[in-house]
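The structure appears right after this line, and notes come after that.
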Amino acid sequence: MYNVKSPRAEEFISDEEIKESLEFAEKNKSNAALIDEILNKARKMKGVSHREALVLLDCDIPEKNEEIYQLARDIKNEFYGNRIVMFAPLYLSNYCINGCEYCPYHAKNKHIRRVKLSQEDIKKEVIALQDMGHKRLALECGEDPVHNPIEYVLESIHTIYGIHHKNGDIRRVNVNIAATTEEEYRMLKDAGIGTYILFQETYDKVQYEKLHPTGPKHDYAWHTQAMDRAMLGGGIDDVGLGVLFGLNNYRYDFTGIIMHAEHLEAYTGVGPHTISVPRVRPADDIDPDVFDNGLSDDLFAKIVACIRIAVPYTGMIVSTRESVASRKRVLELGISQISGGSKTSVGGYAEPEPEEENSAQFDVIDNRTLDEVVRWLMELDYVPSFCTACYRAGRTGDRFMELLKSKQIVNCCHPNALMTLKEYLMDYASEDTKKIGEALIQKELNVITNPNVKEQCAKYLGEIENGKRDFRF
Ligand code: SF4
Ligand code: SF4
Numbered sequence: 001m002y003n004v005k006s007p008r009a010e011e012f013i014s015d016e017e018i019k020e021s022l023e024f025a026e027k028n029k030s031n032a033a034l035i036d037e038i039l040n041k042a043r044k045m046k047g048v049s050h051r052e053a054l055v056l057l058d059c060d061i062p063e064k065n066e067e068i069y070q071l072a073r074d075i076k077n078e079f080y081g082n083r084i085v086m087f088a089p090l091y092l093s094n095y096c097i098n099g100c101e102y103c104p105y106h107a108k109n110k111h112i113r114r115v116k117l118s119q120e121d122i123k124k125e126v127i128a129l130q131d132m133g134h135k136r137l138a139l140e141c142g143e144d145p146v147h148n149p150i151e152y153v154l155e156s157i158h159t160i161y162g163i164h165h166k167n168g169d170i171r172r173v174n175v176n177i178a179a180t181t182e183e184e185y186r187m188l189k190d191a192g193i194g195t196y197i198l199f200q201e202t203y204d205k206v207q208y209e210k211l212h213p214t215g216p217k218h219d220y221a222w223h224t225q226a227m228d229r230a231m232l233g234g235g236i237d238d239v240g241l242g243v244l245f246g247l248n249n250y251r252y253d254f255t256g257i258i259m260h261a262e263h264l265e266a267y268t269g270v271g272p273h274t275i276s277v278p279r280v281r282p283a284d285d286i287d288p289d290v291f292d293n294g295l296s297d298d299l300f301a302k303i304v305a306c307i308r309i310a311v312p313y314t315g316m317i318v319s320t321r322e323s324v325a326s327r328k329r330v331l332e333l334g335i336s337q338i339s340g341g342s343k344t345s346v347g348g349y350a351e352p353e354p355e356e357e358n359s360a361q362f363d364v365i366d367n368r369t370l371d372e373v374v375r376w377l378m379e380l381d382y383v384p385s386f387c388t389a390c391y392r393a394g395r396t397g398d399r400f401m402e403l404l405k406s407k408q409i410v411n412c413c414h415p416n417a418l419m420t421l422k423e424y425l426m427d428y429a430s431e432d433t434k435k436i437g438e439a440l441i442q443k444e445l446n447v448i449t450n451p452n453v454k455e456q457c458a459k460y461l462g463e464i465e466n467g468k469r470d471f472r473f
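Positions 1 to 473 (the working numbering) are the ones given, in order, by the sequence shown.
Shown next, in the form of structure tokens:
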């Protein structure tokens with residue numbers, strides 16, 4: 001039976017509730033009166049339920065779809081403005097004992113090069129990332145208690161935070177490791193992680209068990225209840241959800257991820273910090289006919305828009321799995337964070353990997369450098385942000401949500417974005433990027449509404465110009 005507050009995965013992600021919602025949305029996809037009612041509720045910018053969001057996703061009335069896209073843009077603008085937070089993934093190890101059918105790191109893949117970074121290797125990777133200008137990382141690591149025990153992950157986090165090369169430092173380390181115990185979540189929290197990220201892959205239990213035939217990840221409940229353990233048992237404030245679109249019926253997984261967000265809010269008091277929307281990509285030892293990236297770009301854009309409407313307070317992430325054109329389209333519809341200059345191979349930042357020695361998790365489509373991505377964003381009138389202020393000021397979990405809901409972000413996120421962009425321009429940007437960026441900063445200073453904050457921000461920008469670093473609101 002469906003129960004949003006239940007601790008049991010099969011109750012808060014009730015298959016019956018999802019199937020009834022799918023039927024309801026199918027029946028109402030041309031119901032203009034109902035769609036208007038949902039849109040009116042959504043215009044309050046406080047979210048809509050999973051069932052309502054699915055009706056919007058299924059809506060087949062062209063004029064209403066235009067309204068849906070416009071509302072997604074408005075919500076994006078209201079909560080996130082034109083700022084886009086930048087990050088990079090860092091792969092620590094591709095040893096893995098799980099059997100995920102769609103991932104080349106699965107245990108039965110005997111020809112992929114297995115690599116685990118030593119602490120020395122990690123230093124080289126982090127210096128390479130700092131030299132690009134990154135301040136925020138997402139650690140990625142396969143599940144393998146022998147090669148990648150929690151002690152290895154903790155030591156790696158400690159190493160990363162300890163490296164200060166030139167003006168570089170990594171100020172927030174988000175972690176994407178397998179579902180684990182409350183005790184290990186507590187250790188991650190104590191190590192100072194930012195967001196704990198765990199993708200559900202698919203919410204459909206039957207399909208999930210088929211796609212994960214072996215290894216600890218096979219256990220649907222253990223995996224699906226992981227965020228509850230991380231938050232309530234481990235004390236981690238910020239968690240990041242995701243599904244891998246293309247593995248299963250997208251309507252099912254869309255409904256599932258919104259239900260998961262509703263569960264976190266109802267059960268732990270805080271909704272997810274981020275939602276990621278990866279799509280299946282070609283990779284070593286993965287049959288392209290089985291996993292064919294099933295969604296069109298149009299559908300993908302609509303999914304992003306409807307998630308934006310359903311959970312306005314949750315950041316949304318796309319990676320370099322997406323093409324430049326697809327990234328551009330979803331940025332305006334709801335995405336607030338993107339990766340740039342990513343390498344998906346283990347050790348790929350310090351030493352690019354020869355093609356015949358593939359250790360990558362998936363093929364990157366957007367191969368541009370971070371500098372090119374930053375310039376591209378600014379040419380589109382976005383402000384690339386390297387801000388990590390909330391995490392460092394202890395504004396996580398419900399305190400972060402309060403900031404978002406207070407509508408004061410324009411006096412907080414915006415100056416922080418401009419100052420971290422200024423640091424980037426001073427330390428890492430090419431001449432062209434710098435020129436565009438300096439003009440953008442001057443223009444965007446006017447967006448700050450509080451005169452004191454604006455004045456202070458202008459003063460800090462001058463100090464950054466004179467060599468000082470790391471100011472924040
Ligand atoms: Fe291992 Fe994660 Fe790949 Fe599954 S998706 S095989 S758990 S690295
Ligand atoms: Fe994110 Fe906080 Fe920085 Fe705003 S101030 S961009 S919410 S870290």
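For each residue, glycine too, the CB sits at the ideal point set by N, CA and C.
Could you give the first and the last residue of the continuous beta strand (DSSP E) run that contains Arg327? Taken as a continuous stretch (DSSP letters only), Arg327 belongs to no beta strand (DSSP E), being part of the alpha helix (DSSP H) at 324 to 333.
Could you say which of Asp36, Ile163, Ile75, His134 lies nearest to Ser342 if we only look at CA atoms? His134
Any heavy atom of ligand 2 closer than 7 angstroms to the CB of Ala138? no
What number of angstroms, rounded off, separates the C-alpha of Leu403 from the C-alpha of Thr180? 30 angstroms
Flag this pair as touching only if the segment 241 to 251 and the segment 267 to 278 have three or more C-beta atom pairs under 8 angstroms; answer yes or no. yes
Could you spell out where the alpha helix (DSSP H) holding Ile317 opens and where it closes? Careful: Ile317 lies outside any alpha helix (DSSP H), inside the beta strand (DSSP E) at 315 to 318.
Cα-Cα separation between Ala221 and Leu333, rounded to whole angstroms: 32 angstroms
Buried versus exposed, by CB contacts within 10 Å (16 or more), Ser430: exposed
Endpoints, beta strand (DSSP E) assigned at Val115: It is not in any beta strand (DSSP E) - Val115 carries neither H nor E in the DSSP assignment.
Is there at least one non-hydrogen atom of ligand 3 closer than 7 angstroms to the beta-carbon of Glu184? Because ligand 3 does not appear in the structure shown, any question about it cannot be addressed here, the ligands present being ligand 1 and ligand 2.
Which same chain residues end up closer than 8 angstroms to Ser21 when comparing Cβ atoms and leaving out the 5 residues on each side of it in sequence? His50, Arg51, Leu54, Thr255
What do you reckon, is the C-beta of Tyr424 under 7 angstroms from a heavy atom of ligand 2? no
Please classify Thr420 as buried or exposed, where buried requires at least 16 neighbouring CB atoms within 10 angstroms. buried
Rounding to the nearest angstrom, what Cα-Cα distance links Arg469 and Ile436 in this structure? 21 angstroms
Using a 10 Å radius around the Cβ and a threshold of 16 neighbouring Cβ atoms, would you call Asn452 buried or exposed? exposed
What is the DSSP secondary structure of Tyr391, counted as helix, strand or coil? helix
If you run the structure through DSSP and keep just helix, strand and coil, what is Leu380? coil
Determine the DSSP secondary structure at Phe473, reduced to helix, strand or coil. coil
Look at the Cβ atom of His212, then the Cβ atom of Cys100, and state whether they are nearer than 8 angstroms. yes
Quick check: is the beta carbon of Leu117 nearer than 8 angstroms to any beta carbon in chain C? Going by chain labels, chain C is absent from the structure shown, which holds only one protein chain.
Is the beta carbon of Ile122 closer than 8 angstroms to that of Asn94? no
Spatial distance of Pro384 from Asp204 (CA atoms): 36 angstroms
Count the other CB atoms, across all protein chains shown, that sit within 10 Å of the CB of His263; report buried if there are 16 or more and exposed otherwise. buried
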